[in-house]
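In the working numbering, the protein residues as written are 700 to 796. C-beta: ideal position from N, C-alpha, C; glycine also. Predicted, not measured: the structure shown is a model, and the values here were computed from it. Read through the structure below, which is laid out as structure tokens, and then see the notes.
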């Protein structure tokens with residue numbers, strides 16, 4: 700399974716996604732989802748980020764210091780990067796020795 704397929708599988712636990720998306724389509728879907736949550740369901744946003752183990756201090760710093768990106772883009776990128784890091788960890792430790 701490719702990283703993008705693994706990523707979609709993980710993210711689909713919290714978001715309703717199509718199975719076959721490109722990386723750009725996935726990012727776009729995540730930006731839209733997080734924009735909605737920021738505006739309409741902040742408690743759910745916090746819950747999703749907590750469950751994904753997105754570092755709140757790092758995210759706060761990114762939100763304060765990033766220019767040219769919306770908060771939804773910053774949150775989506777942090778969320779996706781955290782999920783990719785999990786996949787890398789799983790691959791590292793699931794290889795037969």
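- Inter-residue distance for residue 793 and residue 773 is about 30 Å (C-alpha atoms, whole angstroms).
- A distance below 8 Å separates the beta carbons of residue 725 and residue 703.
- Sorting 751, 701 and 765 by C-alpha distance to the C-alpha of residue 721 places 701 at the top.
- Along the stretch 711 to 758, the alpha helix (DSSP H) occurs as fully enclosed runs of 4 or more residues at 722 to 739 and 741 to 750, listed in sequence order.
- The alpha-carbon separation between residue 744 and residue 733 amounts to approximately 7 Å.
- Spatial neighbours of residue 775 in its own chain (CB-CB distance under 7 Å, excluding positions within 5 residues in sequence) are listed in chain order as 726, 729, 730 and 733.
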